[in-house]
Structure formats: C-alpha cells, structure tokens
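Asks: If you count the sequence shown from 1, you need to add 26 to reach the numbering used here.
Let me give you the structure first, and then I'll get to my questions.
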Amino acid sequence: MKKRAIYGFAIFLLVVSVLLVVWQGSFHVGFGPSNPYQTFILWAISSLIFVLMVTLGFILLRTFLKLYIERQSNREGSRIKTKLVIGALTLSLVPVFFLVLFSYEVLNRSLQAWFSAPAVNQLQLFVNIASGLKREMRDEVNAQAALLAAQPETHRALTGGLTPGFLERFSREQDLQSAAIVPATGGAPVDSWGTAPAPADEERVFTGRYPVNDGARTIGAVVVTALMPIDVARQKAEIEEFNRQWGQILADRKTVRRFYTTLMALITLFVLFVATWIALFLAKQISVPISALLTAASEVRKGNLKHRVNVRAIDELASLVRGFNQMTQELEAGSRELERRNRFAEAILESIPTGVLSIASDGSIQRTNRALAKIFPVEQVQRATRLEDLFTREDATEIKYMMKRARRTGVTSRELELRTGSRNLHVAVTVSALEEKITSGFVVVLEDTSELLRAQKAAAWHEVARRVAHEIKNPLTPIALSAERITRQMERADLSLPAARIVQECAATISKSVESVKTLVDEFSRYARFPAAQPVRSDLNTLVSEALAIFNGRLDGILIRTSLAAGLPPVNVDREQLQRVVVNLVDNAAEAMQDSLVKQLYIGTQPGAADTVELVVADSGPGIGPEDKEKLFLPYFSTKNRGTGLGLAIVAHILSEHRAQIRVEDNQPAGARFTVEIPALLESENSETSRPAAVKV
C-alpha cells in the first residue's frame, strides 16, 4: 500500500508538471520572463521538472535493480515479475519510439513552416501597413495645420483682429483634438481651443505645426493635435506586439525546439514509468499472495497462530488463501482452548493459600505461586532459582532427601521448622514426583501451620489457665486465713523470743506470697474467662487519644510522636477492650526503652489495605529476637523480668474477637514495631461482630 501511494504521488506530480509546462507555453510573452513573477514561475517549473525526472529515473533504476537482485536470489515470484516487466516495457517502448520519431519530424517541419520566407514576408507586410498608417496620420495633421495657417482669420488674430468662434469652428470641421495660434515672439497663445488628451491616449496623439507669414516676415504659427481612430490604433498596436513576439521567437528558435524535445522526453519517461508500474501491479497479483502464504507458514511454524493472510487474491490463489486462513483459525481455536485450561489451572494454583514450587529434576525452581510470598520475602521469591536461594542449607538438604523419597513412593510429607528472614515458621512440606511420561520434576507444597499451632497452644493455655485457677484458688483461702491468724496470735506473743520473731516473719512471707499467687490466679481467670466483646461504631483516633490520656505525666524522658491520619473510616470495636490493647502496647514499649539511650515512642493510625485501618506502635528499644517473635503472643511467655506473660496473649485474644490481626516487625533503626490491622466498618455492614480471625505475627 505504501509503494502504491508513492507511485501514485509520483504520477500526480508528473501530470501537474506537464500541465504547468503547457500552461507556461500558453503565455504570449515568448520564452523570456518579463517580470520577477514570471521569472519565479519559470524557475519553479524548471526545478520541479528536474526533480521529477530525477525521481522517476531513480524509481525506475531502483525497480530494475530490485528485480535483478530478486532474480539473482531466486525469491518467490521474481521470475514471473521480471518477465512481465520486460514484456510490458517491450510493448510500450516500441510504439513510443516510433511516436517520438514521428513527433520530432512533425516538430521540425512545423518550425520550418513557421520561419519560412512567405511567413516572414507576410509579417513584414503587416509591419509596413502599420508604419504607413502612422505616416499617413502624421501627414494629415500637418496638412490640417497648413490649412489653418492659410486662413485669413488666423492672420487677423496675429495682427490684433481676433475672430471669435473661428478656431472652434475650424477644429470641429477638421475633427481636431485641439488647435492654438501662437505669436512668433512666444508667450501665451493669442487664441486656442480643445482639451489635452488623456494619458491613456498618448499613443494615438499626432501634433502638427505650421508657420504663419506676413509677406517675407513670420508673424506666428499654428499648432494642431488630432487622435488616431481607436480601432486603427488597436490594430496598429497588435501588429507591433505580434512583430515583437515574432522577433523574440525567431531569436529563440533553438529554445523552442529544446522545449518540445524535453516535453517528448518527459512523455516517454512517463510512459516507461506507467508501463513498469502496470507490469509490477500485474506481477504482484501473483507474487504477493504467494509471498504472504510463505510468510504466514513461517509465522505458524514459530507459534503465531493469530497470523492471517490478509491479501487480495484471485482465482485459485484466493481459494488457497481462504483454506490457509481456515486452517490457522482452527489451530488458534484449539490453542485458545488449551490456553484457557492452562489459565484455569494457573488461577487455581494462584488462589490456593499454600505455597507451591515446581522444581525440575536438576533442582532448579521452574515456577512459584503467589502464596509462597507469604512464607518467604517477595524479593527472595522473585530472585530464587534453586532451593538454596529460599531455604537454609539444612532445610534444602532435607527437602532434597524428600524429593529422592518421593521419586520412589510418589508422595512424601513431614513437618519442618523453617527460618525465613526474621521469622521461624512451622511448615507442613509435601513433595510429589511428576510422572516421567508427562514431564520430570517435583511439586513441593508448603503449608504454614504456625497459626494452627499457635491456636492449638492458645486453646491448651486456656484450658491450663482454667484448671490452674480452679485448682490453686481453692487452697489459697485457708492458707491466707491461717497466715492472718498466726499473725494476730503473734502480735500478742512475746516478740523478744527468737522463735516468735521467726514465726511472725514466716507468716508475713506466707501472706505476701499468697497475695502474689492470688494475683497470678486472677490473671489466669481473666484470661480463661475473658468477657465477650460488645462492639459499637467508633472512631479509632478518638479511642487512641483517650487511651494515651492515661499516660499523661507517666512517660517522663520519652519522646512521644503521634500521627493520627484524618478521614479514617469508622471501626466496629469494643471501646474498652481496644483501649486496653493500646494501653498494653504503649506500656510494653515504654518498659522496653528503660535502658535505651534514645527513647522515642511512635503511635500512629493510617489507612490499611483491603478496607482496613492500621494502628502502629513503635519504640526505639532493644527489639525482639527472631526466636521470640513466634512465642510473643503465647500465654506465660514474657521478655520482661517482672512480666506474667499474659499481657500480649490477652491483646491477641481481644484482636481475635474483633477479626483484627497483629504483626510484629523490626523497627528502623532500632526497636520493635507492632501493627494492628482492624477491619473498617463499611456502609453495607451491620454493627454485629463476625467470626474471629487468627492472629498474624
């Protein structure tokens, strides 16, 4: 299509140039410019003709070279294209050659006829007639002047006897434009009549002057003017203009010959170009469909089943093109169905919550799914090419052993504790060997059971707390009463005796220990029988501000920075319980920074992902070790010397009741960072709480 546009544009420019040449030749100004505008027109036309000749010559040369190269390289369709071009050029050039010879002969004969002796003599006759008309008009005016000078009234006017109306009457009788009687001494005319001729009539004006004598003495003169008739003047001007042009053409006879010779050369080049273009057009009707079919076959061989042959073809070639397109369409439909099944399998693979690795027989990782990024860092998963890039050396060795076993048994499973980044995860690993008839390799499925184990441990601790509270609380009351009774009895005893003092000290110790055990039992009781949440529509920023008000004046030496995001959606929470979460996290952070040189506490809220809001509490303390992060939310685990280990366990329990999640991360540059994700209250959601979610660490 692009080549056709180029050829069409070239033809258009050639036609326009020929029309411009013909138009320029129609000027009756000869072949030499008479003004700057004509000079520019001739220069533009000459430049355009030269450019077009060079362009057409280049296109023809390029076409012939391309045909020669295609013929030498045995490209499809090159032979028939070459034959058609040669045949078309032969059929075109033979008649054009004879036409050029005939036109050249006609041109020579025409030029000889134009510049022959009869034509020159006839033109000279016209010129002589024009000169005779001019001479006759001049003689007539002089005769009229002599007649006026011979009139007695003229003589009397010069001697002082002016006859009124004489000069006007004489001028009208003789058809004069003007007449005047002037004295011999010069000065103003003694009598005059008529008007001065218009500037446009200057070529028609003829003036006659004749002296007036009084004997032998000249006493004055008469001056008369007359206009040549307008039709005679027009014919005279045309004859003179034609004579001028004829003289110029006669001088530029070689230019005329060269002009028409160039025009015939352009016509010949145009015919040659058109013949070549027609031949190429006919050849393309065959070669283009064949070339397109070969290209399409190559694309299909490469796997591009969407490729179609979109060329116009005729006869049997059209049937071949339709058959090929139908075949590729059926292949594409089959490939699309296969791709749909693959996408379906891929969607299932990406949607399952367990991490999946496809491993080749040489141990290289071929594919992973999205859930694997929940177990390992995303960057690590993206860069991983072998098992050692994801797992530690010991874990990779264990999985390779499972792969060897799966090759014998088909499937093997076991529980592993993996170290991923800063976390220790409990993972159920299942390795399946692929059938060798389909492909060789393994599928490794990793299921994070940390949440399940944590839930099981939490349930076990609930039961332990309930039993401990029940079994220990009952004997505490008689022990406490007995210690109080001993104390009262010893107050009346003689304390000077060493035994009495020892008994009193032991009773006091027993009472203090009973109070400590009772406090611990109460904590276990509250953990085991935590009240159900009563969620209401609340503003998270307000809850955080109210919780922080408790610490006014109690966090001396700690730089507190708060950042509560505006425009957060409301949350559906138990206000008292969520404030307890904030208080517990802030209290733990403050206590963790007791021995830190830099004490900075950050409390902030921000929008979270997937319709959640986040509460962030970060400190600049020593941080939490990777081995402690997994146990942090379990009951009776504490990193503080005075801790009971139930604070964060209660926090996890509260957040679980609110479908919230909490995770702990390393703060930068130092410390720990707790992030609580709380579901936002949507407009379409009622205020009732839903099922609890697991706590995420």
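Each residue gets a CB set at the ideal place from its N, CA and C atoms; glycine is no exception.
#1: Pull up the distance between the alpha-carbon of residue 811 and that of residue 472, whole angstroms please.
#2: In angstroms, rounded to a whole number, what distance separates the CA positions of residue 302 and residue 111?
#3: Is the separation between the beta-carbon of residue 645 and that of residue 658 shorter than 8 Å?
#4: How is residue 633 classed by DSSP in three states: helix, strand or coil?
#5: Out of 509, 347, 366, 357, state which residue places its alpha-carbon closest to the alpha-carbon of residue 327.
#6: For the beta strand (DSSP E) containing residue 472, name the first residue and the last one.
#7: Using the three-state DSSP reduction, which class does residue 339 fall into: helix, strand or coil?
#8: With a cut-off of 8 Å on the beta carbons, I'd call residue 706 and residue 561 a contact; round off their distance for me.
#9: With a 10 Å radius around its C-beta and 16 neighbouring C-beta atoms as the bar for buried, classify residue 69 as buried or exposed.
#10: Taking 8 Å as the cut-off, decide whether the C-beta atoms of residue 335 and residue 351 are in contact.
#11: Whole angstroms are fine: how far does the CA of residue 66 sit from the CA of residue 176?
#12: Could you name the residues that DSSP lists as bridge partners for residue 459?
#13: Which residue comes first and which comes last in the alpha helix (DSSP H) that contains residue 574?
#14: Would you report the Cα separation of residue 507 and residue 525, rounded to the nearest angstrom?
#15: CB-CB under 7 Å to residue 344, same chain, minus the five flanking residues each way: which ones, in chain order?
#16: Checking the sheet assignment: what are the DSSP bridge partners for residue 236?
#17: Look at the Cβ atom of residue 737, then the Cβ atom of residue 475, and state whether they are nearer than 8 Å.
#18: Does the separation of the CB atoms of residue 704 and residue 566 fall below 8 Å?
#19: What did DSSP end up calling residue 539 once you bin it into helix, strand or coil?
#20: Could you check the C-alpha separation between residue 123 and residue 160 for me, to the nearest Å?
#21: For residue 720, which three-state DSSP category applies?
#22: Can you check whether the CB of residue 591 is closer than 8 Å to the CB of residue 631?
#23: Residue 459 and residue 433: beta carbons closer than 8 Å?
#24: Could you name the residues that DSSP lists as bridge partners for residue 606?
#25: Out of 398, 186, 78, 253, point me to the one whose CA is closest to residue 299's CA.
#26: Please go through the same chain and pick out, in chain order, the residues whose beta-carbon is closer than 6 Å to the beta-carbon of residue 680, but skip the five residues on each side of it.
#27: Across the segment 235-249 and the segment 165-185, are there enough close Cβ pairs to call them in contact, namely three or more that are closer than 8 Å?
#28: Tell whether a beta-carbon distance below 8 Å holds between residue 468 and residue 385.
#29: With which residues is residue 645 paired in a DSSP beta bridge?
#30: Mind checking which residues open and close the beta strand (DSSP E) that includes residue 687?
#31: CA-CA distance, residue 717 and residue 684?
#32: With DSSP run on the structure shown, which of helix, strand or coil describes residue 640?
#33: Return the first residue and the last residue of the beta strand (DSSP E) that residue 441 is part of.
#34: Run through the DSSP bridge pairs and tell me what residue 705 is partnered with.
#35: For residue 578 and residue 427, what's the separation of their Cα atoms in angstroms?
#36: Could you name the residues that DSSP lists as bridge partners for residue 595?
Replies: On the basis of the supplied data:
#1: Only positions 27 to 723 of the chain appear in this structure, which leaves residue 811 out of reach.
#2: The sequence position of residue 302 within the sequence shown is 276, counting from 1. The sequence position of residue 111 within the sequence shown is 85, counting from 1. Rounded to whole angstroms, residue 302 to residue 111 spans 6 Å at the Cα level.
#3: Translated into positions along the sequence shown, residue 645 becomes position 619. Translated into positions along the sequence shown, residue 658 becomes position 632. Contact: no.
#4: In the sequence shown, the residue the question calls residue 633 occupies position 607. Residue 633 falls in the strand class under three-state DSSP.
#5: Against the sequence shown, residue 327 aligns to sequence position 301. Considering only alpha carbons, the answer is 357.
#6: Numbered from its first residue, the sequence shown carries residue 472 at position 446. Counting along the chain, the beta strand (DSSP E) containing residue 472 begins and ends at 468-474.
#7: Locating residue 339 in the sequence shown gives position 313, where the first residue counts as 1. Coil.
#8: Position 680 of the sequence shown, counted from the first residue, corresponds to residue 706. Position 535 of the sequence shown, counted from the first residue, corresponds to residue 561. That belief does not hold up - the Cβ atoms of residue 706 and residue 561 are roughly 13 Å apart, past 8 Å.
#9: Looking up residue 69 in the sequence shown gives position 43. Counting Cβ neighbours within 10 Å, residue 69 comes out exposed, since fewer than 16 surround it.
#10: Here residue 335 refers to the residue found at position 309 of the sequence shown. Here residue 351 refers to the residue found at position 325 of the sequence shown. Taking 8 Å as the cut-off, the beta carbon of residue 335 is found closer than this to the beta carbon of residue 351.
#11: Numbered from 1 along the sequence shown, position 150 holds the residue referred to as residue 176. Numbered from 1 along the sequence shown, position 40 holds the residue referred to as residue 66. Computed Cα separation, rounded: 60 Å.
#12: For the purposes of this step, residue 459 is taken as the residue at position 433 of the sequence shown. Its beta-bridge partners are 468.
#13: Here residue 574 corresponds to residue number 548 of the sequence shown, with the count starting at 1. For residue 574, the enclosing alpha helix (DSSP H) covers residues 566-575.
#14: Residue mapping note: residue 507 aligns to position 481 of the sequence shown, counting from 1. Residue mapping note: residue 525 aligns to position 499 of the sequence shown, counting from 1. Spanning the alpha carbons of residue 507 and residue 525 requires a straight line of approximately 21 Å.
#15: For this step, residue 344 is matched to residue 318 along the sequence shown. Beyond the five residues adjoining it in sequence on each side, residue 344 comes within less than 7 Å, by CB distance, of no other residue in the same chain.
#16: Reading the sequence shown from its first residue, position 210 is the one you call residue 236. Beta-bridge annotation (DSSP): residue 236 is paired with 248.
#17: This structure cannot settle anything about residue 737, because the visible part of the chain is limited to 27 through 723.
#18: Locating residue 704 in the sequence shown gives position 678, where the first residue counts as 1. Locating residue 566 in the sequence shown gives position 540, where the first residue counts as 1. Taking 8 Å as the Cβ cut-off, residue 704 and residue 566 qualify as a contacting pair.
#19: In the sequence shown, residue 539 corresponds to position 513, counting from 1. Three-state result, residue 539: helix.
#20: Position 97 of the sequence shown, counted from the first residue, corresponds to residue 123. Position 134 of the sequence shown, counted from the first residue, corresponds to residue 160. Using only the alpha carbons, I get a separation of about 53 Å.
#21: The sequence position of residue 720 within the sequence shown is 694, counting from 1. Interpretation of residue 720 is limited by its pLDDT of 37, a score under 50 that renders its predicted location unreliable; the figure taken from the coordinates is listed afterwards. In the structure shown, residue 720 sits in coil (DSSP, three-state: anything other than H, G, I, E or B).
#22: By one-based count along the sequence shown, residue 631 stands at place 605. By one-based count along the sequence shown, residue 591 stands at place 565. Yes. Within cutoff.
#23: Within the sequence shown, numbered from 1, the residue matching residue 459 stands at position 433. Within the sequence shown, numbered from 1, the residue matching residue 433 stands at position 407. Yes, the pair counts as a contact, with Cβ atoms nearer than the cut-off.
#24: Mapped onto the sequence shown, residue 606 falls at position 580. Beta-bridge pairing by DSSP links residue 606 to no other residue.
#25: Residue numbering aside, residue 299 sits at position 273 when the sequence shown is read from its first letter. Residue nearest to residue 299 within the set 398, 186, 78, 253 is 78 (criterion: CA-CA distance).
#26: Position 654 of the sequence shown, counting from 1, holds the residue named residue 680. Non-local beta-carbon contacts of residue 680 in its own chain, meaning distances under 6 Å to residues more than five positions away in sequence, involve 603, 607 in chain order.
#27: They touch, by the three-pair rule.
#28: Here residue 468 refers to the residue found at position 442 of the sequence shown. Here residue 385 refers to the residue found at position 359 of the sequence shown. Yes, they are a contact pair.
#29: Within the sequence shown, residue 645 is the residue found at index 619, counting from 1. Bridge partners of residue 645: 627.
#30: For the purposes of this step, residue 687 is taken as residue 661 along the sequence shown, with counting starting at 1. It spans 687-692 - the beta strand (DSSP E) in which residue 687 sits, taken as one unbroken run.
#31: Here residue 717 refers to the residue found at position 691 of the sequence shown. Here residue 684 refers to the residue found at position 658 of the sequence shown. Unreliable placement is indicated for residue 717, whose pLDDT of 42 sits below 50; the coordinate value is still reported in the next sentence. Each residue's alpha carbon lies about 8 Å from the other.
#32: Counting from 1 along the sequence shown, the entry for residue 640 is found at position 614. In the three-state reduction of the DSSP assignment, residue 640 falls in the strand class.
#33: The residue given as residue 441 occupies position 415 in the sequence shown. Residue 441: member of the beta strand (DSSP E) spanning 437-446, first to last residue.
#34: Reading the sequence shown from its first residue, position 679 is the one you call residue 705. Answer by DSSP bridge pairing, in chain order: 638.
#35: Here residue 578 is taken as the residue at index 552 of the sequence shown, counted from 1. Here residue 427 is taken as the residue at index 401 of the sequence shown, counted from 1. Those two C-alpha atoms are separated by around 59 Å.
#36: What you label residue 595 is simply residue 569 of the sequence shown in a count that begins at 1. Answer is none; residue 595 lacks a bridge partner.
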